[in-house]
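Here's the structure we're looking at; comments come further down.
Residue numbers (the numbering used here): 3 to 530.
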């Protein structure tokens, strides 16, 4: 690839400096670093059923004082670790737990009321809390997820806009801009233990949502953060040799640059410590290798899925960092185009040219390496094996939503989706049943929305409406039976979804957002 195509990246790096695991603008201390051997014992002994409970707990004394007390007490007769932990820590309560659905309430009114229930205030946090402070209010997903999440928030915003809560949408985008300024990227969520990774980069899509309401000036205002996020995802691209990778960038055999998911740590996830240790033991591989791949899958948002498994079935074979994913590269194509648009709004023609060239180069690489004539879909690519992974998943709709596909590819994807992914209650995530939550039989709100609006963009309106009708009907079925909107749904049978590391969560931010938007686009579905 010509040297000039890296100009935009180099400009970002000159402006902000290279971002590395141990050189982030704001260093944070995670619970494992604060509590050392106490952390390991609490998580290993499963003092709490959910590993996330301890890392979200707030200490009643300083970590040094608590560790001193622990070391004094741990070898005494009758020492009880759970009693000790609950004595020195306040444990979290599930977000939205106190809310009770009013019987007979229309689902749209239910969602509109829930926004305030799921909204958290800005400002300082208790000393040594794992929660990162934010300057503005924000909406959390609900249940165990009592902090803001990066990619969830885009789909939540779709509903906030329909509900007229533009104040919350703008506040959340401001928060994400703040996180980029503070940490050099948007972390997975606003917790210290999430700072080593990001999530699918939807910030550009959020800016587009904001600009539709406020005008083109938004692009110019958000340009510094768009560029800095891009620098994070592209760090190391300029020095890579073919068939090599660094952090989140991969140079393919033909010299093209695409991206992968990654995490800057190779230790067990602190919020899933015991689970990750067990997976590493089962794998018979070097533990650090497994931990890195588990963390990279968490950055993908699809934690976990057969997409990342070498054998397509077993978590212990996870190899996320070997994979160039179609969803991530579609998102980065959108980010490149958005930066070009923001540069145009800022009267920077050289930047427009550079970023347009980069977007065009990425699109060519996506089509060359990730399009499969065999399956009639976009697929992930194993950059080490130099081969596409011929498994159909709902990630194939990303190139529709972000307009990477051509019309012939869109028609082929429509046929593939009808044949392999369309189920009685919406789109299934993959065709594999592994017991993981991002596999069959589960369907997820963000993937339904990306498919529905993606197909509409290519004139496949009948298929889009079919998906919308089936998904909305499923949401309403569960809501009318339980008074709840949940994280995921079983799209092949009755009832809500399941699988994964934790129980089904209620709330639920992105489900609410997508449903609220779909009922605005297809109002008759509310009466079905």
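Glycine included, every Cβ here is placed at the ideal spot set by N, Cα and C. Note that this is a predicted model, so its numbers are computed, not measured.
Counting every other CB atom within 10 Å of its CB across the protein chains shown gives residue 265 a total of 16 or more, marking it as buried. A distance below 7 Å between beta-carbons, with the five flanking residues on each side excluded, links residue 53 to the following residues of its chain, in chain order: 45, 273, 274, 275, 276, 277. Residue 523 sits in a helix when the DSSP states are folded into three classes. In this structure, residue 91 sits near residue 59, with a CB-CB distance shorter than 9 Å.
Looking at the DSSP output, residue 445 bridges to 491. According to the DSSP assignment, residue 246 belongs to the beta strand (DSSP E) that extends over 246–248.
Check the Cα spacing between residue 100 and each of 88, 116, 111, 107: the tightest is with 116.
When DSSP states are grouped into helix, strand and coil, residue 86 belongs to the helix group. By the Cβ neighbour-count rule, residue 159 is buried, with 16 or more other Cβ atoms within 10 Å of its own.
Sixteen is the threshold: when 16 or more other Cβ atoms of the shown chains lie within 10 Å of the Cβ of residue 509, as they do, the residue is buried.
Listed as beta-bridge partners of residue 425 by DSSP are 428. Under the three-state reduction of DSSP, residue 226 is assigned to helix. At a cut-off of 3 residues, the continuous stretches assigned as beta strand (DSSP E) that sit fully inside the stretch 324–398 are 382–384, 389–391. A Cβ-Cβ separation of about 5 Å places residue 194 in contact with residue 132 under the 8 Å criterion. Going by DSSP, residue 469 is part of no beta strand (DSSP E) but of the alpha helix (DSSP H) stretching over 463–484. With contacts defined as CB atoms closer than 9 Å, residue 466 and residue 527 fail to qualify as a contacting pair. Where residue 261 is concerned, the enclosing beta strand (DSSP E) starts and stops at 259–261.
Looking only at 271, 187, 432, 368, the smallest Cα-Cα distance to residue 407 is reached by 368. Residue 304 and residue 440 have their alpha carbons spaced roughly 6 Å apart. Cβ contact annotation for residue 470 (same chain, cutoff 8 Å, sequence separation greater than five): 450, 454, 520, 523, 524, 527, in chain order. Listed in chain order, the alpha helix (DSSP H) elements of length 4 or more contained wholly in the stretch 28–80 are 33–46, 53–57, 65–75. Beta bridge pairing from DSSP links residue 121 with 141. Per DSSP, residue 146 lies in no beta strand (DSSP E) segment and is marked neither H nor E. By the CB criterion at 9 Å, residue 325 and residue 400 fall outside the cutoff. Distance from the CA atom of residue 403 to the CA atom of residue 155, rounded to whole angstroms, is 17 Å. The stretch 275–294 and the stretch 422–435 do not touch, with fewer than three beta-carbon pairs separated by less than 8 Å.
Under the DSSP assignment, residue 253 falls outside any alpha helix (DSSP H), being part of the beta strand (DSSP E) whose first and last residues are 251–253. Taking every protein chain shown into account, the CB of residue 352 has fewer than 16 other CB atoms within 10 angstroms, so this residue is exposed.
In this chain, the alpha helix (DSSP H) harbouring residue 185 covers 168–185. Looking at the DSSP output, residue 191 bridges to 151.
Assigned with DSSP and collapsed to three states, residue 455 falls in helix. Using a Cβ-Cβ distance cut-off of 8 Å, the stretch 359–367 and the stretch 375–384 are not in contact, since fewer than three pairs of beta carbons, one from each stretch, lie closer than that value. When the five nearest sequence neighbours on each side are left out, the beta carbons in the same chain lying within less than 6 Å of the beta carbon of residue 302 are those of 263, in order along the chain. Taking residue 198 as the centre and dropping the five residues before and after it, the same chain places the C-beta of 265, 266, 267 closer than 6 Å to its C-beta, in chain order.
Look at the beta carbons and you see the stretch 65–74 not touching the stretch 100–111: under three pairs across the two are nearer than 8 Å. Under a 10 Å Cβ-count criterion, residue 329 is classified as buried, with 16 or more other Cβ atoms of the shown protein chains found around its own Cβ.
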